[in-house]
Amino acid sequence: MARRVSEGKAIQMILDAKYKNPVTDGTVKPAQSDFKKRVVHFEQQTEIALNDDRV
(Lines of atoms letter the chains of each structure in order from A; the text may use other names.)
(Lines give C-alpha, C1' and ligand atoms only; values in the text may rest on other atoms or scores of the structure.)
Protein backbone atom coordinates (compact mmCIF):
# COMPACT_ATOMS: atom_id res chain seq x y z
CA MET A 27 0.00 0.00 0.00
CA ALA A 28 2.78 2.44 0.89
CA ARG A 29 4.50 1.67 -2.39
CA ARG A 30 1.39 2.58 -4.38
CA VAL A 31 1.13 5.90 -2.57
CA SER A 32 4.76 6.75 -3.31
CA GLU A 33 4.35 5.69 -6.95
CA GLY A 34 1.26 7.87 -7.21
CA LYS A 35 3.14 10.85 -5.78
CA ALA A 36 6.03 10.26 -8.18
CA ILE A 37 3.67 10.12 -11.16
CA GLN A 38 1.92 13.31 -10.01
CA MET A 39 5.26 15.09 -9.66
CA ILE A 40 6.22 14.08 -13.21
CA LEU A 41 2.89 15.29 -14.57
CA ASP A 42 3.16 18.56 -12.63
CA ALA A 43 6.64 19.17 -14.00
CA LYS A 44 5.57 18.35 -17.55
CA TYR A 45 2.46 20.54 -17.64
CA LYS A 46 3.47 23.36 -15.29
CA ASN A 47 2.12 26.71 -16.39
CA PRO A 48 4.28 29.56 -15.07
CA VAL A 49 1.49 32.10 -15.66
CA THR A 50 -1.09 30.44 -13.42
CA ASP A 51 1.39 28.38 -11.38
CA GLY A 52 -0.90 25.39 -11.77
CA THR A 53 -1.08 22.40 -14.01
CA VAL A 54 -2.42 22.55 -17.54
CA LYS A 55 -3.73 19.41 -19.14
CA PRO A 56 -3.21 19.02 -22.89
CA ALA A 57 -6.96 18.94 -23.51
CA GLN A 58 -7.46 22.23 -21.64
CA SER A 59 -4.65 23.85 -23.60
CA ASP A 60 -6.09 22.60 -26.91
CA PHE A 61 -9.55 23.85 -25.98
CA LYS A 62 -8.22 27.30 -25.12
CA LYS A 63 -6.40 27.47 -28.47
CA ARG A 64 -9.62 26.58 -30.28
CA VAL A 65 -11.57 29.25 -28.37
CA VAL A 66 -8.99 31.91 -29.25
CA HIS A 67 -9.02 30.82 -32.89
CA PHE A 68 -12.83 30.95 -32.98
CA GLU A 69 -12.85 34.43 -31.43
CA GLN A 70 -10.31 35.65 -33.99
CA GLN A 71 -12.32 34.21 -36.89
CA THR A 72 -15.53 35.74 -35.54
CA GLU A 73 -13.90 39.16 -35.25
CA ILE A 74 -12.54 38.90 -38.80
CA ALA A 75 -16.01 37.99 -40.08
CA LEU A 76 -17.67 40.85 -38.19
CA ASN A 77 -15.16 43.37 -39.56
CA ASP A 78 -15.41 42.10 -43.13
CA ASP A 79 -16.93 44.83 -45.32
CA ARG A 80 -17.58 42.49 -48.26
CA VAL A 81 -20.64 40.95 -46.60
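Residue numbering for the sequence shown follows my numbering, beginning at 27 and increasing consecutively. Glycine included, each C-beta is placed from N, C-alpha and C at the ideal position. Just so we're clear, the structure is a prediction, and the values are computed from it rather than from any experiment.
Item                                                                                    : Value
According to DSSP, is Leu79 part of a helix, a strand, or is it coil?                   : Here the sequence assigns Asp to residue 79, which means Leu is not the residue at that position. If DSSP states are grouped into helix, strand and coil, Asp79 belongs with coil.
State the Cα-Cα distance for the pair Ala75 and Ser59, rounded to the nearest angstrom. : 25 Å
Quick check: what's the CA-CA separation for His67 versus Lys35?                        : 36 Å
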